[in-house]
Amino acid sequence: MTNAELTTAPTLRIPGPATPYQGDIARYWDGEARPVNLRLGDVDGLYHHHYGIGEVDTASLGNPEDSESEKKLITELHRLESAQADFLLGHLGDIGRDDTLVDAGCGRGGSMVMAHQRFGCSVEGVTLSAKQADFANGRAAELGIGDHVRARVCNMLSTPFATGSAAASWNNESSMYVDLDDLFAEHSRVLKVGGRYVTITGCWNPRYGQPSKWVSQINAHFECNIHSRREYLRAMADNRLVPQAVIDLTPDTLPYWELRATSSLVTGIEDAFINSYRDRVLPVPPHRGRPRLTESAHGRAAPGPPGAARPSRRSA
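Next up, the structure:
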C-alpha cells in the first residue's frame, strides 16, 4: 500500500455536512481562535487542541512578579500539552518509516508533526474544519514535511482511506463529537490487522451514576457529548478493537488545569474541569486496542476503578 493509494482525495475538497450537527461543529472550529491555543503553539510551532499532563515544573515559572512570568507560564502549559501528545504516540506500538498513521480530529496538526518527527512516517489527519486543515497543511509546508504530513476536510466517521491501510490511528480529545460505534467501526476498517488504536479522552465515571453538572457544563461549552468509560469499552469490543489497556490520567491532568486557571488565557471552563477531576466524575483514560484477527474472536477489558489499568490481549 503506497501513500498515493491511501490519500487520493484533494485536501481542498470540502464536502457538505452530513448532518446539521456536523455543520455546527465545522462552523464552531472554523471560527475558533482562542489565545490559549494560538499563543501556546507560538512557543515552538506545534499547535495543539488538547490539554496537558504531568507535574508542573515550578522552577521554570520563576518569580510571579517577574515581567516574564506570563511568558514562562505559557511555555510551561505548552510543554505539558506536548507531553500529553508524546504520551499518546508512545502507545502506538512499533511504527516504521514506511507506515501511515491516521489522526482523527487533527486540529491544527501539532500531534501529526510530532508523529512524523518521532517515526519518520506519513501522517494523515482529518478534521471538519477547513480553517484548521489549511493551517495544518501550511505549517507542514513551512517545516518542509508537506509530502509526509497532510490534513484534509472530511468526517472521521467516513474517511477516504483504504481498508487495512493504517498501521495505527488515534483520537486525541476529539471522540466526544461522534457516536462511538460509528467511530470505532471506521478505525477498525482503516487499521491493518494487528494495528493499534489509541484515544485520550475525558469520560464520565459510571460509578457517579450520571454525568455530573461539571460534565454538563463542559458539554455545553464545547458543543460536545462526553461519553462514559463503559460506552468506550463496549463500543471498542463491538467493533473488533480488543482493549489492551486503560490508564487513568486524572491525577496527571489536574496540575495542567490548576496552572492554566492562573494564567491570562482562561476561557471560563477551567473550574468545571478542575472540579470534575477532583470529584473523580471525569477520569481521563487513554484506551488502547487492536483489531481482532478473526470475526469470531473476542476480548474485552473489564472496567476498573479510577487509577486501574486492565489490559486485554488480542484474540487469535
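Going by the UniProt record's numbering, the first residue of the sequence shown is number 1, and it counts up by one from there.
Cβ atoms here follow ideal geometry from the backbone N, Cα and C, with glycine treated the same way.
Membership of glycine 62 in any alpha helix (DSSP H) is not indicated, and neither H nor E is assigned to it by DSSP. Our two residues, asparagine 172 and cysteine 106, have alpha carbons roughly 8 Å apart in a direct line. Assigned with DSSP and collapsed to three states, threonine 75 falls in helix. Rounded to whole angstroms, the separation of the alpha carbons of aspartate 147 and valine 36 is 29 Å.
When C-alpha distances from asparagine 219 are compared across Asp99, Tyr47, Cys203 and Leu92, the shortest belongs to Cys203. Under the three-state reduction of DSSP output, glycine 125 falls in the strand class.
Taking a cut-off of 8 Å for Cβ pairs, the region 265 to 272 and the region 229 to 246 do not touch, as fewer than three such pairs fall below it. Annotation: the continuous alpha helix (DSSP H) that includes threonine 253 extends over 250 to 260. Between histidine 50 and glutamate 81 the beta-carbon gap is near 6 Å, inside 8 Å, which marks them as a contact. In the structure shown, aspartate 179 falls within a coil segment according to DSSP collapsed to helix, strand and coil. When the alpha-carbon of valine 198 is set against those of Arg108, Ala166, Cys121 and Leu88, the nearest one is in Leu88. When the beta-carbon positions are compared, glycine 52 and threonine 250 stay at least 9 Å from each other. The beta-carbon separation of serine 212 and valine 281, rounded to 4 Å, stays under the 8 Å limit for a contact. In this structure, arginine 240 places its C-beta atom within 9 Å of the C-beta atom of serine 188. The Cβ atoms of leucine 183 and glycine 110 lie no closer than 9 Å to each other. In this structure, the CA atom of glycine 125 is about 19 Å from the CA atom of glycine 31. Cysteine 121 and valine 102 have their C-alpha atoms roughly 11 Å apart. If one requires a minimum length of 4 residues, the alpha helix (DSSP H) runs lying completely within the region 200 to 238 are 213 to 222 and 229 to 238, in chain order.
In the same chain as arginine 139, and ignoring 5 residues on each side of it, the C-beta atoms closer than 8 Å to its own belong to Gly45, Tyr47, Arg108, Gly109 and Val113, in chain order. Membership of alanine 140 in the alpha helix (DSSP H) is indicated by the continuous run 130 to 142. Listed as beta-bridge partners of leucine 101 by DSSP are Val123 and Ala168. CA-CA distance, valine 178 to glutamate 65, rounds to 44 Å.
Straight through space, the alpha carbons of glutamate 186 and serine 158 are spaced by roughly 7 Å. Inclusion of glycine 195 and serine 175 in the CB contact set at 9 Å is not warranted, their separation being larger than that value. In the structure shown, tyrosine 21 adopts helical secondary structure according to DSSP, grouped into three states.
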